[in-house]
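Read top to bottom, the protein sequences are chains H and V.
For the first sequence, the working numbering assigns the number 232 to the initial residue and increments by one for each residue that follows.
For the second sequence, the working numbering assigns the number 232 to the initial residue and increments by one for each residue that follows.
There are 2 protein chains.
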Amino acid sequence: MSKKQLIMEKALELFAKQGFEATSVQQITDHCGISKGAFYLSFKSKDELIFSLIDYFMTQLISDIDYKVKNTQNNELLFTYFYTTFQTFSQHSDFAKVLMKEQAQTFHNQELIEKMYMYDRLVDKATLSMVERLYGEEIINTKYDLVYCIKGLMGNYSKLMLFSNVPLDLKLLSESLVEKINLLAEHATIAFISEDFIRSMEQPALKEVTNEQLLEMLTQKIEEMEESIEKESLILLKQHLLDPSLNLAIVKGLIENIRNHPHCKWISYLLLSYFNF
Amino acid sequence: MSKKQLIMEKALELFAKQGFEATSVQQITDHCGISKGAFYLSFKSKDELIFSLIDYFMTQLISDIDYKVKNTQNNELLFTYFYTTFQTFSQHSDFAKVLMKEQAQTFHNQELIEKMYMYDRLVDKATLSMVERLYGEEIINTKYDLVYCIKGLMGNYSKLMLFSNVPLDLKLLSESLVEKINLLAEHATIAFISEDFIRSMEQPALKEVTNEQLLEMLTQKIEEMEESIEKESLILLKQHLLDPSLNLAIVKGLIENIRNHPHCKWISYLLLSYFNF
DNA sequence: TATAATAATGACTAATCGGTCAATTGTCAA
DNA sequence: TTGACAATTGACCGATTAGTCATTATTATA
Chain H
232 MSKKQLIMEK ALELFAKQGF EATSVQQITD HCGISKGAFY LSFKSKDELI
282 FSLIDYFMTQ LISDIDYKVK NTQNNELLFT YFYTTFQTFS QHSDFAKVLM
332 KEQAQTFHNQ ELIEKMYMYD RLVDKATLSM VERLYGEEII NTKYDLVYCI
382 KGLMGNYSKL MLFSNVPLDL KLLSESLVEK INLLAEHATI AFISEDFIRS
432 MEQPALKEVT NEQLLEMLTQ KIEEMEESIE KESLILLKQH LLDPSLNLAI
482 VKGLIENIRN HPHCKWISYL LLSYFNF
Chain V
232 MSKKQLIMEK ALELFAKQGF EATSVQQITD HCGISKGAFY LSFKSKDELI
282 FSLIDYFMTQ LISDIDYKVK NTQNNELLFT YFYTTFQTFS QHSDFAKVLM
332 KEQAQTFHNQ ELIEKMYMYD RLVDKATLSM VERLYGEEII NTKYDLVYCI
382 KGLMGNYSKL MLFSNVPLDL KLLSESLVEK INLLAEHATI AFISEDFIRS
432 MEQPALKEVT NEQLLEMLTQ KIEEMEESIE KESLILLKQH LLDPSLNLAI
482 VKGLIENIRN HPHCKWISYL LLSYFNF
């Protein structure tokens, strides 16, 4: 096992017990049996560690569920969705606990909040497409409510599973939720969440960012980074913000250059919205 | 406004935005326009502040809902339960946000965790008694699941209300949840949470309150309060506890007098249960 | 075996935290 | 105006944090 994996594994145990903020780097390295310096050979910061953990598990979680859902017949679909999710949560209960504890609102790192929000929306999207496939046009008015009900029930029962120390019958649990969601899908008539509401919620998510703020962030990022294509792209973007002279296609390309760099995700996101791409 | 109230008010704003742990005492005192020392004249510690906030709002919340539920006809009961809760959350949105952020698992103070757990169980208990009253013997197998569904749906929709900056139609929301819960109560057959399961998780809830405890609380409240009908009522209630001599109807009326005073919600709740009203 | 390259260490720094307390300011009766 | 008392202040304390880096240990190579 690589040192990076060791740290991620041991840190996850502590995060699940105590939470992210409450766990110190020293505790993590003690628990791994390594020195503090060794930690910083694997991760640039404590934030990068939680980033890695969230990315590692969330991509797995989402792709797992997505695959199962895409390869299951409709008559078993809802059950598979619940059962797979609960099983995955049960299997990676430490990560699931971290996920429950550190809801989007508790982190202080803006990039991290954005990341959690992004994954949350991805899960919502997958759930919505499942609901649409299952019930079609019948639930066109209530489909968003149905998604929220699934989310609410799953969240609450997951909490029960994770934090009560009683072993649960996940098949029975999944069956009982299938019954409930089917009931709601077939008989509920009052729609609370409309498409307009969903759209009006998405809007304020990206708050207008100013030229000055972007310049400040770019300057800071450029200082931080080592020589690379990404750094060169940042420098060119900064110059363009100071004195617009580049073709829009070139600007888009420069943003694309930095989009996948782990430390540039947020700034590229802001740049994209600033230039209305 | 007393200094204590000022601090509680201003601190709550910061806690709602940043969370409890992430807000420093210095930030609170800056936001109040007082010195750090002055903070510690009003509160023994930062923990005592969050204790006060949680007690102040939770006692109000629980006794409010409990009273409404006890004094509403069955045909309006579920709607009233939802609507009152959402309205209270909306009215005290800063506290509701703190409540959502600092779920039982995030605090580090053991007493605080226990307190949150205790209030959580009180809410569950109130919800359960409502469910039993509404659906009687029909849902004897599924009543605990029903309570958990109510909790899950309410929690998820509350999150929507608090953290999306879109004004919501709380009446429509409550109606839609009434429809959903009625559907589940009438048609759901698969029980997942059994009485045994609940018992295996159970810990002592609200202990029976003693005459002495009530007297102590009354004495303290009487000292705190300014001259008013409410204070006079408290004094009479104290005398009645020391030497029972009043007609039960009078006692009920005296409790009614204090029920809506923000500082007497909890004591009135305890008195009501002490006298079996 | 000798040497260069790499990995790992832990004492250290600067910042921030909750909490304290000697010193200062404000109040009011004499 | 004075002086006793209460209220208020903010510099300061010890503890803890994330993160650094000169030093040491280990490994690979010649």
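For glycine and all other residues, C-beta sits at the position ideal for the given N, C-alpha and C.
Same chain, Cβ closer than 8 Å to residue i, neighbours up to 5 away in sequence not counted
{"i": "Ile412(V)", "result": "Leu309, Leu377, Cys380, Ile381 and Leu384"}
{"i": "Phe326(V)", "result": "Leu243, Ala247, Leu284 and Phe288"}
{"i": "Asp295(H)", "result": "Thr315 and Thr319"}
{"i": "Lys402(H)", "result": "Tyr314"}
{"i": "Ile460(V)", "result": "Asn488"}
{"i": "Thr311(V)", "result": "Lys299, Val300 and Thr303"}
Proximal residues of chain V, C-beta to C-beta of residue i below 7 Å
{"i": "Phe270(H)", "result": "In chain order: nothing, as chain V lies at least about 23 Å away."}
{"i": "Phe423(H)", "result": "Leu403, Leu404 and Ser407"}
Close-in-space but distant-in-sequence residues of the same chain around residue i (CB under 7 Å, 5 per side omitted)
{"i": "Thr259(V)", "result": "Note that residue 259(V) corresponds to Ile in the displayed sequence, not to Thr. Answer for Ile259(V): Ile238, Lys241, Ala242, Leu245 and Phe270, listed in chain order."}
{"i": "Gln257(H)", "result": "Lys267"}
{"i": "Thr373(H)", "result": "Ala419 and Ala422"}
{"i": "Leu404(V)", "result": "Phe317 and Tyr388"}
{"i": "Lys390(V)", "result": "Met331"}
{"i": "Gly213(V)", "result": "Within the shown structure, residues of chain V are numbered from 232 to 508, placing residue 213(V) beyond reach of any answer."}
{"i": "Tyr505(H)", "result": "Val440 and Leu445"}
{"i": "Leu359(H)", "result": "Lys374 and Val378"}
{"i": "Ser233(V)", "result": "none"}
{"i": "Leu467(H)", "result": "Leu485"}
Whether residue i touches residue j by CB criterion (8 Å)
{"i": "Ala357(H)", "j": "Ile293(H)", "result": "yes"}
{"i": "Leu393(V)", "j": "Phe313(V)", "result": "no"}
{"i": "Met347(H)", "j": "Phe338(H)", "result": "yes"}
{"i": "Ile481(H)", "j": "Ser499(H)", "result": "no"}
{"i": "Val362(V)", "j": "Ala247(V)", "result": "no"}
{"i": "Phe423(V)", "j": "Ser425(H)", "result": "no"}
{"i": "Ile489(H)", "j": "Ala416(H)", "result": "no"}
{"i": "Gly250(H)", "j": "Glu333(H)", "result": "yes"}
{"i": "Leu445(V)", "j": "Ile453(V)", "result": "no"}
{"i": "Lys462(V)", "j": "Gln291(V)", "result": "no"}
{"i": "Ser273(H)", "j": "Lys235(H)", "result": "yes"}
{"i": "Leu472(H)", "j": "Asn507(H)", "result": "no"}
{"i": "Leu414(V)", "j": "Leu414(H)", "result": "yes"}
{"i": "Val397(H)", "j": "Phe428(V)", "result": "yes"}
Endpoints, alpha helix (DSSP H) assigned at residue i
{"i": "Val440(H)", "result": "Neither: Val440(H) is in no alpha helix (DSSP H) and is coded neither H nor E."}
{"i": "Cys380(V)", "result": "Lys374 to Phe394"}
{"i": "Glu406(V)", "result": "Leu401 to His418"}
{"i": "Asn499(V)", "result": "Asn is not the amino acid found at residue 499(V); the sequence shown has Ser there. It spans Lys496 to Tyr505 - the alpha helix (DSSP H) in which Ser499(V) sits, taken as one unbroken run."}
{"i": "Leu365(H)", "result": "Gln341 to Tyr366"}
{"i": "Gly250(H)", "result": "Unbroken run through Gly250(H): none, as it is neither H nor E."}
{"i": "Ser464(H)", "result": "Ile460 to Leu473"}
{"i": "Lys332(H)", "result": "Ser324 to Lys332"}
{"i": "Asn302(H)", "result": "No alpha helix (DSSP H) contains Asn302(H), which DSSP labels as neither H nor E."}
{"i": "Ala269(H)", "result": "Lys267 to Ser273"}
{"i": "Ile371(V)", "result": "Taken as a continuous stretch (DSSP letters only), Ile371(V) belongs to no alpha helix (DSSP H), as it is neither H nor E."}
{"i": "Ala480(V)", "result": "Leu479 to Arg490"}
Contacts around residue i, its chain only, beta-carbon distance under 6 Å, and the 5 residues preceding and following it disregarded
{"i": "Gln304(V)", "result": "none"}
{"i": "Leu502(V)", "result": "Ile486"}
{"i": "Met448(V)", "result": "Ile498"}
{"i": "Leu437(H)", "result": "At Leu437(H), the pLDDT of 47 sits below 50, so the modelled position is not reliable; the number obtained from the coordinates is stated separately. Contacts found: Ser504."}
Contacts that residue i makes with chain H (C-beta to C-beta distance below 7 Å)
{"i": "Ala550(V)", "result": "Not covered by the structure: residue 550(V). The range shown for chain V is 232 to 508."}
{"i": "Asp376(V)", "result": "Ser407"}
Per-residue contacts from residue i into chain V (C-beta, under 8 Å)
{"i": "Glu410(H)", "result": "Ala419, Thr420 and Ile421"}
{"i": "Leu414(H)", "result": "Leu414, Leu415, His418 and Ala419"}
{"i": "Gly264(H)", "result": "None at all; the shortest Cβ gap to chain V is about 25 Å."}
Partners in chain H for residue i, counting only beta-carbon separations shorter than 9 Å
{"i": "Asn387(V)", "result": "Tyr379, Cys380, Lys382, Gly383, Leu384, Gly386 and Asn387"}
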